[in-house]
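Novice: Before anything else, here's the structure in question.
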DNA sequence: CTGAAAGCGCTTACAG
DNA sequence: CTGAAAGCGCTTACAG
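Protein chains in written order, with full-length UniProt numbering: chain A, 1 to 341; chain V, 1 to 341.
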């Protein structure tokens, strides 16, 4: 049915081995043979069967990406789109295909990865998001299978990973609010089992301590990466007798929820409540008021993850196991309100 | 290195053929053998080598998705994230993996698809977005390779496709504005080579004609699916001596651009200019004012595309070649301003 | 119900 | 510089 290496060999009057060597750019082949074989390949419309090639070469020219369990809701947040955009761009440039997989439970995730790894379907894997103790990481380490983590792992500190310095990022965000004269600053966090939540919390705490500002436990609220979480956090804060005048918010989408709630209650951002978010999604500058946000270079995170993984797959040397993508505070109206004591 | 079917066979004291039959759930195997073999498989941690299986079975349990050329900018628009979310959810549920590929030029796209198809890397392909004459479609048809199109094709009208009724959707949007008393309604379109642009334009024109309303050519502007396009269109409209009082806008993201521009100029939505967009992205209800939008069921589009493709791959009967996902107008403040003549 | 054998399409030492 | 042969890990008629 399709054209095989044997068809080409016959027609070119050479052996299949020779055709194979021409394809792989093997050294010791006469120019004449190369020309001849290539001609026939074109003429016949030959294309290598990837499966056969993989079977013997034990390489697939494909990398896999495991989407977090909540893939269903996942894409509501621009974070993952941006990551994937970076990954697919880079992997395509490097001649690798990208395989996506997911699972709805931890067991399903491990199964999906097992299938990819043991089924020899991919050469390496990109993991998005790290939870505290992740059986997927244990499995990949045990298998000695190449992988990179977007984020970082506490249980497996030496794992190859691409991350932001989230502690510093949150520190910067908090410092910025302090510089505007705020003293009562709250923090809206994400799911507590995510390392990114705790890193950003740490940065916030550090900045507050350093400035000798009081942190009230009720100024710290945990939630999901969803608008609703912001909305709920806001209602909670606004009912406090001593409410904060500014918030550091774990994700812009959550910040939108805060903003919406604040506006509905008739308060104003930034005069009644100043905000700084994270991720700098395109809508941040569109909302009214525009929201200040830490740009964490999401696309770059994905691009670098793919690049690093492919290096690892090829066995090229990797100098740093932990690559940090720089962040940048984008100051906008939501945090430009100076408090005069 | 890894455990093969032969290792299992040896240890279980049967032939490789039998192991293979147990794996594939073949009928005529004694329960005792099945139990024994499964036990050994677990014990040894056996996992089938997908490549070897594909090579002989000629099936990959994988579908491919071709991202539009502009993948770089692509994900800035929620449309693709949502589509992919639908596709990955459904394909995973059906036990298929998802392979993503892209190209930066038409030639590269054809190459990427050729690699997937001729390399027997996938069982079927999902195409996003259709341009007027698409060499990828010609190729797939010629190869008799299963594929579905998200969108529709004029050059290949019988191709399996999942689409909205974009003509009707735009008609509904326009009717809604007419019902508010608007007579001077403009249309901000997308790239003219996309069928979706022309379909929506047609719906707009139909509704206007039917209501015996005049359409001025300067009320129709083409652009990209980007904020900037909306911004530019707005500046253009607002400088017209006889400017429209309402706009149908091809995409919410473009509508945001319009909104931002209008606001900057000191005008108000909806009183100075009413807006209806398409796609109903999450931000539509967050902006101020919230933007009316046609929800086209993007997730559903992706989910159904995957479902239909997998049916086609399996050779199951498909009753309709053109599947239409219903749309729904979400009325919000941006279009709730009644004009009294 | 089960096994031996051929074959899927390729690569790669081993010879020459 | 090139060919014959073995083998990657699986499936599937063909026998029995």
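The beta-carbon is built from N, C-alpha and C at its ideal position, and this holds for glycine as well.
Please tell me whether residue 97 of chain A has its Cβ less than 9 Å away from any Cβ of chain V.
Specialist: For the purposes of this step, residue 97 of chain A is taken as the residue at position 97 of the first chain. By this cut-off, residue 97 of chain A is an interface position.
Novice: Apply the 10 Å Cβ neighbour rule to residue 45 of chain A and answer buried if 16 or more other Cβ atoms are within range, or exposed otherwise.
Specialist: Position 45 of the first chain, counting from 1, holds the residue named residue 45 of chain A. It counts as exposed.
Novice: Is residue 256 of chain A close to chain V, meaning its C-beta is less than 9 Å from at least one C-beta of that chain?
Specialist: The residue labelled residue 256 of chain A in the question sits at position 256 within the first chain. Closer than 9 Å: yes.
Novice: Would you give the residue range spanned by the alpha helix (DSSP H) that residue 295 of chain V belongs to?
Specialist: The residue you call residue 295 of chain V lines up with position 295 of the second chain. It is not in any alpha helix (DSSP H) - residue 295 of chain V instead sits in the beta strand (DSSP E) that spans 292–295.
Novice: Where does residue 14 of chain A fall in DSSP's three states?
Specialist: To locate residue 14 of chain A, count along the first chain from 1; it is residue 14. Residue 14 of chain A falls in the coil class under three-state DSSP.
Novice: Report yes or no: do three or more beta-carbon pairs, one from the segment 47–55 of chain A and one from the segment 100–111 of chain A, lie closer than 8 Å?
Specialist: Because the criterion of three Cβ pairs below 8 Å is not met, the segment 47–55 of chain A and the segment 100–111 of chain A do not touch.
Novice: Tell me which same chain residues have a C-beta within less than 8 Å of the C-beta of residue 2 of chain V, skipping the five on either side of it?
Specialist: Taking the second chain and counting its residues from 1, the one referred to as residue 2 of chain V is at position 2. Closer than 8 Å at the Cβ level, and outside the excluded window around residue 2 of chain V, lie 47, 49.
Novice: Taking 9 Å as the threshold (C-beta atoms), are residue 248 of chain V and residue 170 of chain V in contact?
Specialist: The residue labelled residue 170 of chain V in the question sits at position 170 within the second chain. The residue labelled residue 248 of chain V in the question sits at position 248 within the second chain. Their beta carbons are under 9 Å apart, which means residue 170 of chain V touches residue 248 of chain V by this criterion.
Novice: Can you say whether residue 144 of chain A is buried or exposed, counting buried as having 16 or more other CB atoms within 10 angstroms of its CB?
Specialist: On the first chain, residue 144 of chain A is found 144 positions in, with the first residue counted as 1. Flag for residue 144 of chain A reads exposed.
Novice: Here's the rule I'm using: 16 or more other beta-carbon atoms within 10 Å means buried, otherwise exposed. How should residue 15 of chain V be labelled?
Specialist: Looking up residue 15 of chain V in the second chain gives position 15. Result: exposed.
Novice: Helix, strand or coil, according to DSSP, for residue 139 of chain A in the structure here?
Specialist: Here residue 139 of chain A is taken as the residue at index 139 of the first chain, counted from 1. Of the three classes helix, strand and coil, the one that applies to residue 139 of chain A here is helix, per DSSP.
Novice: Using 9 Å as the limit for Cβ to Cβ distance, is residue 375 of chain V near chain A?
Specialist: Shown here, chain V extends from 1 to 341; a query on residue 375 of chain V therefore has no answer.
Novice: Along the chain, where does the alpha helix (DSSP H) that runs through residue 161 of chain A open and close?
Specialist: Within the first chain, numbered from 1, the residue matching residue 161 of chain A stands at position 161. Looking at the DSSP string, residue 161 of chain A is not in any alpha helix (DSSP H); the run it does join, the beta strand (DSSP E), is 161–164.
Novice: Alpha carbon to alpha carbon, how far is residue 120 of chain A from residue 59 of chain V?
Specialist: In the first chain, residue 120 of chain A corresponds to position 120, counting from 1. In the second chain, residue 59 of chain V corresponds to position 59, counting from 1. Roughly 15 Å separates the two Cα atoms.
Novice: Between the C-alpha atoms of residue 22 of chain V and residue 26 of chain A, what's the straight-line distance to the nearest angstrom?
Specialist: For the purposes of this step, residue 22 of chain V is taken as the residue at position 22 of the second chain. For the purposes of this step, residue 26 of chain A is taken as the residue at position 26 of the first chain. When rounded, the distance between both Cα atoms is 41 Å.
Novice: Using a cut-off of 7 Å between C-beta atoms, extract the partners of residue 54 of chain V located in chain A.
Specialist: Sequence index remark: in the second chain, residue 54 of chain V carries index 54 (1-based). What residue 54 of chain V touches in chain A: 51.
Novice: Could you check what DSSP says for residue 35 of chain A in three-state terms: helix, strand or coil?
Specialist: By one-based count along the first chain, residue 35 of chain A stands at place 35. DSSP places residue 35 of chain A in helix when its eight states are reduced to three.
Novice: If we call anything under 9 Å between Cβ atoms a contact, is residue 221 of chain V one with residue 189 of chain V?
Specialist: Within the second chain, numbered from 1, the residue matching residue 221 of chain V stands at position 221. Within the second chain, numbered from 1, the residue matching residue 189 of chain V stands at position 189. The answer is yes: Cβ separation under 9 Å.
Novice: Ordered along the chain, which non-local residues of its own chain (more than five positions away) have a Cβ less than 7 Å from that of residue 75 of chain V?
Specialist: On the second chain, position 75 is the one that residue 75 of chain V refers to. Low per-residue confidence applies at residue 75 of chain V: pLDDT is 44, beneath 50, and the placement is therefore not dependable, though the value from the model is reported in the following sentence. The answer, listed in chain order, is 81.
Novice: If you draw a straight line from the alpha carbon of residue 313 of chain A to that of residue 177 of chain V, how long is it in whole angstroms?
Specialist: Sequence index remark: in the first chain, residue 313 of chain A carries index 313 (1-based). Sequence index remark: in the second chain, residue 177 of chain V carries index 177 (1-based). Cα-Cα distance, rounded: 57 Å.
Novice: Between V/85, V/112, V/87, which has its C-alpha nearest residue 95 of chain A's C-alpha?
Specialist: What you label residue 95 of chain A is simply residue 95 of the first chain in a count that begins at 1. Minimum Cα distance to residue 95 of chain A is reached at V/112.
Novice: Residues bridged to residue 274 of chain V by DSSP?
Specialist: For the purposes of this step, residue 274 of chain V is taken as the residue at position 274 of the second chain. Note: residue 274 of chain V sits in a beta bridge opposite V/246.
Novice: Taking the alpha helix (DSSP H) that residue 205 of chain A belongs to, which residues open and close that run?
Specialist: Residue 205 of chain A sits at position 205 when you count from the first residue of the first chain. First-last of the alpha helix (DSSP H) with residue 205 of chain A: 195–210.
Novice: Provide the residue(s) that pair with residue 322 of chain V in DSSP beta bridges, ordered along the chain.
Specialist: In the second chain, the residue the question calls residue 322 of chain V occupies position 322. BP columns for residue 322 of chain V point to V/161.
Novice: Along the chain, where does the alpha helix (DSSP H) containing residue 308 of chain V start, and where does it finish?
Specialist: For this step, residue 308 of chain V is matched to residue 308 along the second chain. Unbroken alpha helix (DSSP H) run through residue 308 of chain V: 298–314.
Novice: Going by C-alpha to C-alpha distance, which of A/129, A/298, A/172, A/281 sits closest to residue 151 of chain A?
Specialist: For the purposes of this step, residue 151 of chain A is taken as the residue at position 151 of the first chain. Of the listed residues, the one whose Cα sits closest to residue 151 of chain A is A/129.
Novice: Quick one: list the residues of chain V neighbouring residue 67 of chain A, beta-carbon separation under 8 Å, in chain order.
Specialist: Along the first chain, read from residue 1 onward, the residue named residue 67 of chain A stands at position 67. Chain V residues near residue 67 of chain A: 88.
Novice: DSSP beta-bridge partners for residue 148 of chain A?
Specialist: To locate residue 148 of chain A, count along the first chain from 1; it is residue 148. Its beta-bridge partners are A/126.
Novice: Taking only the alpha-carbon atoms, compute the straight-line gap between residue 209 of chain V and residue 163 of chain V and give it to the nearest angstrom.
Specialist: To locate residue 209 of chain V, count along the second chain from 1; it is residue 209. To locate residue 163 of chain V, count along the second chain from 1; it is residue 163. Spanning the two alpha carbons is a distance of roughly 25 Å.
Novice: When we look at the beta-carbon of residue 304 of chain V and count the other beta-carbons within 10 Å, is it buried (16 or more) or exposed?
Specialist: Position 304 of the second chain, counted from the start, is the residue given in the question as residue 304 of chain V. So residue 304 of chain V counts as buried.
Novice: Rounded to a whole number of angstroms, what is the C-alpha to C-alpha distance between residue 325 of chain V and residue 165 of chain V?
Specialist: As a working note, residue 325 of chain V is residue 325 in the second chain. As a working note, residue 165 of chain V is residue 165 in the second chain. Going from the Cα of residue 325 of chain V to the Cα of residue 165 of chain V covers about 7 Å.
Novice: If we ignore side chains and look at the alpha-carbon of each, how far apart do residue 333 of chain A and residue 141 of chain V end up?
Specialist: Reading the first chain from its first residue, position 333 is the one you call residue 333 of chain A. Reading the second chain from its first residue, position 141 is the one you call residue 141 of chain V. Residue 333 of chain A and residue 141 of chain V: Cα-Cα distance of roughly 53 Å.
Novice: Could you confirm whether any beta carbon from chain V is found closer than 9 Å to the beta carbon of residue 325 of chain A?
Specialist: Walking along the first chain from the start, residue 325 of chain A turns up at place 325. No, residue 325 of chain A lies away from the interface with chain V (no Cβ there is under 9 Å from its Cβ).
Novice: Once you ignore the five residues that flank residue 244 of chain V on each side, which residues in its own chain have a CB closer than 7 Å to its CB?
Specialist: Numbered from 1 along the second chain, position 244 holds the residue referred to as residue 244 of chain V. For residue 244 of chain V, where only same-chain residues beyond five positions count, the Cβ hits under 7 Å are 184, 185, 186, 219, 237.
Novice: Is residue 335 of chain V closer than 9 Å to residue 270 of chain V when the C-beta atoms are compared?
Specialist: Position 270 of the second chain holds residue 270 of chain V. Position 335 of the second chain holds residue 335 of chain V. Against a cut-off of 9 Å, the Cβ pair of residue 335 of chain V and residue 270 of chain V comes out as a contact.
Novice: For residue 198 of chain A, decide whether its Cβ has a neighbour in chain V, counting only Cβ atoms nearer than 9 Å.
Specialist: In the first chain, the residue the question calls residue 198 of chain A occupies position 198. No, its Cβ sits nowhere closer than 9 Å to a Cβ of chain V.
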